[in-house]
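Chains as they are written, first to last, in the working numbering: chain A, 12 to 272; chain B, 12 to 272.
Just so it is clear, CB atoms sit at the ideal spot from N, CA and C, and this is done for glycine as well.
Predicted, not measured: the structure shown is a model, and the values here were computed from it.
Report on one structure; see the data block that follows.
Number of protein chains: 2
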Amino acid sequence: MPIKLLVTNDDGIYADGIQLLSKVLFESGRFSLQIAAPDHERSAVGHAITMHRPLRVEQVNFLHNPKLTGWSVNGTPSDCVKLAVEALLEERHDLVISGINRGSNLGTDVLYSGTVSAAVEGVILGLPAVAVSLTGGGQSEDFVRAAEFVCQLIPPLFEAGLPEGTLLNINVPPGCTALKGARITRLGTRRYRNSFDRRTDPRGLVYYWLAGELVEGEDEADSDVRAIKEGYISITPLQFNLTNDAMIPDLQKMLSRIETD
Amino acid sequence: MPIKLLVTNDDGIYADGIQLLSKVLFESGRFSLQIAAPDHERSAVGHAITMHRPLRVEQVNFLHNPKLTGWSVNGTPSDCVKLAVEALLEERHDLVISGINRGSNLGTDVLYSGTVSAAVEGVILGLPAVAVSLTGGGQSEDFVRAAEFVCQLIPPLFEAGLPEGTLLNINVPPGCTALKGARITRLGTRRYRNSFDRRTDPRGLVYYWLAGELVEGEDEADSDVRAIKEGYISITPLQFNLTNDAMIPDLQKMLSRIETD
C-alpha cells in the first residue's frame, strides 16, 4: 500500500520546490499524492486562515510531470490543508508534507512561516506532518536532492509514527546529499537588528520597509541554526502544547493575593 | 512611575474593544499608553507579517477619550507590535496588551488568533505580554468590565514578572465583574465538524465557505474552554518553546537505523 500524502507549500503551486518534491515522491512509486497549494506566494502568512471571503479551487497540471495534477487554492497554506482534508480528499491522508520552501525556516522564524503552519494545520486535524525547507537560493538540483532525502525519510518515519501534536521541521542546506548529514536539533533563536527601514515617498509621506539584519548569536550546539551553519540537514521535532504548566502554581498564588487585598 | 503599555489588537484601531480598554487604562492614571493597531479588522491572520509591501502609519484620535491618540497601521497585529517597538516607540515599553478582542480565543484556536499573535510578537521582542478576549457579542459595558479587570491585574502581574517566553491568554465572559471569577487554566482543544460549506455561484462555479460547527468535546476540568462555559474568567499561561524534547532520543534512534540500512 502506498503511503497517502497531502503535499502543500507557501510559495505557491507553481514553485519549483513543490513541483520537484511532488515529481520525486511520485516517481519513487512508494506514495500516492494529493496536492493542494496556494495559487500564488504566501510567505510569512503564519497561521492565517480565510474567513471573510469564499475559497476557489482549480485543478492545474504539473510542469515537471504531466501525470500529476494539483489543486490551486486562492487561500493560505492553512486553508489548503483544511480544505484538502475536509472537502477535497478522496481517502484519508496518512501524512502532510509542506514544502519544499525556498529559504530556511529556523528558530523563532517558524512562528511566521506559512510552510510550518501548513504542517501545524495537519497536526490540528490529527495527521502526522513534516515541513521541509531548502536554505539558500533554491537551485533545481538542490530541491531534487532535498526531495530525495524526504523520500527516504518518510517510510520509516510513518512506520515509527509521530507522537500526537508533533511535527518535524526539516531544513536542508544546498549540496547536502547524504542522510549521514542529518542532525536531530532543537529550535534555536534568531534575532534581528534595525528591523524597519524608514523612507519618504515622492509625495513626502513616510513609509516603513520591514528589513532587519540577522544578529549572529550564541547558538546552542544542538540548535537547528547551528546545524545548518555547519552544513548539516536539521530535523527538529515541534509540539504545539502551548500551556506553560510550570507557571500555573505561581499564577494561582498571585491571583489569591489580589483577591485578599 | 506609571507602567508603560503598548496596546494593540486585531479588530482594528476603531473597534470598541481597544478604544474602551485604552480609555479605562488611561483614566486609571496608573499607566502610560502607546497604541498601535491595524487600520481595519485582521481577524484570523495568525502570526502573519508584511514583507512584500511597505507599511504606512497614521496618527488617529480616539473616540472615547479625546486625550488619547494612536497609530493606525496598514498591517497585521504582529506588524503593529514590531513597528511600535522597533520604529515608533519613544521609550521602551514595559508590557504589551493585545485586545480586547470581540469573541473568544480558546484552545487550539489561539494558533489562528491575531490577538494572541500580537502578544507572541511582544514575547519574541523580549516584552511580557497579555492577550485579552471578550467572549460573546461584545456589549460596551462588558468591554468596560473586562478592561477594569485587566487594569486590576496588570500592576501585580508586572511586579511578579512573567517567565521569559511566556504570555497570558485571558478570556472574559460577558457580565463577569469580579476577580473572584478568575481561574488559572490550561489550553483546551476545540474541534470543528463539516468545516466547509460547498456552494455554486450564479455562473455555475464552485466555491467554499469556511464554516464548521464546534464539536462539544470532553473538556478537561482545568481547561480554558470549561472555565468560560462555567462563567469564569480564564487566564492561561502560554509558552513558545516549541521543541518536543521528549521525542529527540527516538528520532535519533530512527535516524541511525536508516543510516545503517
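For B/Ala-222, which three-state DSSP category applies?
coil
Is B/Ser-206 closer than 7 Å to A/Glu-97 when the C-beta atoms are compared?
yes
Chain-order list of residues whose beta-carbon lies under 7 Å from that of A/Val-131 (same chain, five-residue window excluded):
His-58, Leu-178 and Phe-251
Unbroken beta strand (DSSP E) run spanning B/Val-183, endpoints
177–183
Where does B/Pro-139 fall in DSSP's three states?
coil
Beta-carbon of B/Arg-197 versus every beta-carbon of chain A: anything under 7 Å?
yes
Suppose contacts are defined by Cβ-Cβ distances below 7 Å. Is A/Val-141 in contact with A/Ile-108 by that definition?
yes
By DSSP, does B/Ser-89 sit in helix, in strand, or in coil?
helix
Measuring straight from C-alpha to C-alpha, what distance separates A/Leu-249 and B/Tyr-218?
33 Å
Give me, in chain order, the residues of the same chain whose beta-carbon lies closer than 7 Å to that of A/Thr-211; leave out the 5 immediate sequence neighbours on both sides.
Val-217
My understanding is that B/Leu-168 touches A/Met-265, with C-beta atoms under 8 Å, so please give their C-beta distance in whole angstroms.
7 Å
With distance defined between alpha-carbon atoms, name the residue in B/Val-71, B/Gln-163 and B/Glu-270 nearest to B/His-323.
Not covered by the structure: residue 323 of chain B. The range shown for chain B is 12 to 272.
Measure from the C-beta of A/Ser-33 to each C-beta in chain B and report whether the shortest distance is under 7 Å.
no
From what residue to what residue does the beta strand (DSSP E) around B/Ser-43 run?
42–49
Coil, strand or helix - B/Gly-172 by DSSP:
coil
Residues of chain B with a CB under 7 Å from the CB of A/Trp-220: which are they?
Pro-65
Examine chain A for any beta-carbon lying closer than 7 Å to the beta-carbon of B/Leu-117, and answer yes or no.
no
Using the beta-carbon of each residue, which ones in chain B are nearer than 8 Å to A/Ser-206?
Lys-93, Glu-97 and Ala-98
I want to verify the contact list: residues of chain A whose CB lies under 7 Å from the CB of B/Met-62, in sequence order.
Ser-54, Ala-55 and Leu-221
Please specify which runs of the alpha helix (DSSP H), each continuous and at least 4 residues long, are wholly inside the region 112–169 of chain B, giving them in chain order.
125–135
8 Å CB neighbourhood of A/Pro-13 in its chain, flanking five on each side removed
Gly-40, Arg-41, Phe-42 and Ser-43
Buried or exposed: A/Ser-115, going by 16 or more other Cβ atoms within 10 Å of its Cβ?
buried
Kindly list the residues whose CB is nearer than 6 Å to the CB of A/Gly-133, restricted to its own chain and excluding five residues on each side of it in sequence; keep chain order.
Val-92, Val-107 and Ala-140
Segments of 3+ residues assigned as beta strand (DSSP E) that fall wholly inside the region 62–109 of chain A:
68–72 and 80–84
So, for A/Gly-242: in the same chain, excluding its five sequence neighbours on each side, which residues have a beta-carbon less than 6 Å away from its beta-carbon?
Pro-184
B/Phe-207 - partner residues in DSSP beta bridges
B/Leu-221
Residue range of the beta strand (DSSP E) that B/Leu-17 falls in?
14–19
Proximity to A/Ile-181 [Cα-Cα], best of A/Leu-253, A/Leu-225 and A/Ala-193
A/Ala-193
7 Å Cβ cutoff, B/Tyr-243 in contact with chain A
no
Test: A/Asn-112 CB closer than 7 Å to a CB of chain B
no
Is B/Ser-249 helix, strand or coil by DSSP?
In the sequence as presented, Ser is not what sits at residue 249 of chain B; that position holds Leu. DSSP places B/Leu-249 in strand when its eight states are reduced to three.
Under 8 Å by Cβ, that's how I've got B/Ala-9 and B/Ser-89 pegged, so tell me the actual separation to the nearest angstrom.
Only positions 12 to 272 of chain B appear in the structure, and residue 9 of chain B is not among them; the question remains open.
Any C-beta of chain B sitting closer than 7 Å to the C-beta of A/His-58?
yes
Which chain B residues sit within Cβ distance under 7 Å of A/Thr-247?
Thr-254
Who are the neighbours of B/Ala-171 on chain A, taking C-beta pairs under 8 Å?
Asp-261 and Met-265
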